[in-house]
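Below is one structure, written out as structure tokens; comments come after it.
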Amino acid sequence: MPELPEAEANRRRVTEHCLNRTIEAVRLGNDTTHVELPSASEREALVGRQFTETARHGKYIFAGSKTGPWIAVHLGMTGSLRPYTSGDAAPDFARITFEFEGDTRLAYRCPRKLGWVRPIDAPESFVAETGLGPDAMEIDRARFRAVIGATRGAVKSALMAQKKLAGLGNLWSDETLFRAGIAPDRTASGLDEGQLDSLYDEMRHVLGTLLDLNADYSKLPDDWLLRAREEGVDCPRCGGTITKTTVGGRSAYHCTEHQS
DNA sequence: AAGATTGTTTTCAT
DNA sequence: AATGAAAACAATCT
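End of the first sequence sits at 259 in the working numbering; the numbers just go up one at a time, nothing left out.
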């Protein structure tokens, strides 16, 4: 699930339940294979401290404080951050769990183990070192035009390149192109200014809608591509047909009628 | 039961 | 040199 809106929904949960509470323990799950986790000393450094703020850049989530250590979380394909209370059953697939004063706990779940948790100095330096592009909801129109318009490859690949633009993945890049009427395999540098502007506007609409819904897919309108993400299905917006192709090594869905 | 799956990183090629 | 495409990674679901 996790692209920008889903990451933001996870961040909001942490903000709501886990801030300004003293961390009493940091526990590792049984299976931590291929998941980077803080070392024992790094976990110990968190005990007795509090998270006082959270942040997010693209798909990356951060929790920390002005003076203390920060943690960065990437959800991979199937990860989630789940606050719960000690009376509840512990979530399955928990790789690391933070226990706060009172009965609040926070589990980092990752069934398919493609995500990670890592201690970092600060969000800003992490973003810089990783080379992430501007957050998709923060980038301004001129910068978006310049970044995407300069890419020689497929426009879908450009939208998903985190070092150009941070936050879009497979689902919402397809949805953005669907609304903008542009085929996913179009060369990005071949788009005119009107098309780049349309992409920018539709990206903001797609992400903004999902942020408003807290990434609850069940509340999305019926005319979204997500509802018709299947080869051969009728296009929910025009009478055309949805087709599945591969762009940049990933499955891409688009309408052959109104996207070109 | 083979094949696809929202993620990134590394490697290879142009 | 840099950019872009392809493969690898894990486990679950259809």
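Note that CB positions come from ideal geometry on N, CA and C, so glycine has one too. This structure is a prediction, so every number in the text was calculated from the model and none was measured.
Please list the segments of the alpha helix (DSSP H) lying wholly inside the stretch 130-213, counting only runs of 4 or more residues, in order along the chain. Entirely contained in the stretch 130-213, the alpha helix (DSSP H) runs reaching 4 residues are, in chain order, 140-148, 154-159, 169-179 and 192-211.
Do you know how far the Cα of Tyr59 is from the Cα of Glu23? So the two alpha carbons sit approximately 25 Å from each other.
Local conformation of Pro118 per DSSP, three classes: Of the three classes helix, strand and coil, the one that applies to Pro118 here is strand, per DSSP.
Would you mind stating whether Gly148 and Leu212 have Cβ atoms separated by less than 7 Å? No; because the gap between Cβ atoms is not below 7 Å, this pair is not in contact.
Can you tell me which of Tyr83, Ala160 and Ser79 puts its alpha carbon nearest to the alpha carbon of Val246? Ranking Tyr83, Ala160 and Ser79 by Cα distance to Val246 puts Ala160 first.
Within the same chain, show all residues whose beta-carbon is closer than 6 Å to that of Arg42, passing over the 5 residues directly before and after it, in chain order. Answer for Arg42: Val25, listed in chain order.
Can you tell me which of Gly101, Ala106 and Asp102 puts its alpha carbon nearest to the alpha carbon of Pro82? Of the listed residues, the one whose Cα sits closest to Pro82 is Ala106.
Please state if the CB of Arg117 and the CB of Ala93 are separated by a distance shorter than 7 Å. Taking 7 Å as the Cβ cut-off, Ala93 and Arg117 do not qualify as a contacting pair.
What are the start and end residues of the alpha helix (DSSP H) that includes Val15? Per the sequence shown, residue 15 should be read as Glu rather than Val. Bounds of the alpha helix (DSSP H) holding Glu15 are Leu3 to Cys17.
Between the stretch 226-243 and the stretch 181-192, are three or more C-beta pairs nearer than 8 Å? Between the stretch 226-243 and the stretch 181-192 there are fewer than three inter-stretch CB-CB distances shorter than 8 Å, so the stretches are not counted as touching.
In chain order, what residues of the same chain have a beta carbon less than 7 Å from the beta carbon of Glu2, not counting five sequence neighbours either side? Closer than 7 Å at Cβ, skipping near neighbours: Lys58, Gly166, Leu167, Gly168, Leu170 and Trp171.
If you measure between the beta carbons of Ala39 and Phe50, is that distance less than 7 Å? Judged by their CB atoms, Ala39 and Phe50 are not nearer to each other than the 7 Å cut-off.
What three-state label does DSSP hand Lys218 in the structure shown? DSSP, reduced to helix, strand and coil, places Lys218 within a helical segment of the structure shown.
Taking the continuous beta strand (DSSP E) assigned at Ser250, which residues delimit it? For Ser250, the uninterrupted beta strand (DSSP E) run begins and ends at Arg249 to Cys254, by DSSP.
What is the residue span of the alpha helix (DSSP H) that Leu45 lies within? Ala39 to Leu45 is the span of the alpha helix (DSSP H), which, as asked, contains Leu45.
Using a threshold of 7 Å, state whether the C-beta atoms of Val13 and Leu80 are closer than that. It is a contact, given that the beta carbons lie within the stated cut-off.
Compare the Cα-Cα distances from Ala6 to each of Leu18, Ala54, Leu27 and Val146 and report the closest residue. When each option's Cα is compared against that of Ala6, the closest is Ala54.
Residue range of the unbroken beta strand (DSSP E) whose run includes Ser79: Residues Ser79 to Thr84.
Give me the Cα-Cα distance between Ala157 and Asp191, rounded to the nearest whole angstrom. Cα to Cα, the separation comes out at about 15 Å.
Nearest to Ala179 by CA position, among Ala8, Leu164 and Leu198, is which residue? It is Leu198.
Residue from Arg20, Arg104, Pro122 and Ala8 with nearest C-alpha to Leu27: Ranked by how close their Cα comes to the Cα of Leu27, the residues Arg20, Arg104, Pro122 and Ala8 have Arg104 in first place.
Drop a sphere of 10 angstroms on the beta-carbon of Asn29, count the other beta-carbons inside from all chains shown, and report buried for 16 or more, exposed for fewer. Around the beta carbon of Asn29, a 10 Å sphere encloses fewer than 16 other beta carbons of the protein chains shown; the residue is thus reported as exposed.
Return the CA-CA distance between Tyr216 and Ser124, expressed in angstroms with no decimal places. When rounded, the separation of the alpha-carbon atoms in Tyr216 and Ser124 is 33 Å.
Could you give the residue range of the beta strand (DSSP E) that holds His56? DSSP places His56 inside the beta strand (DSSP E), whose first and last residues are Glu52 to His56.
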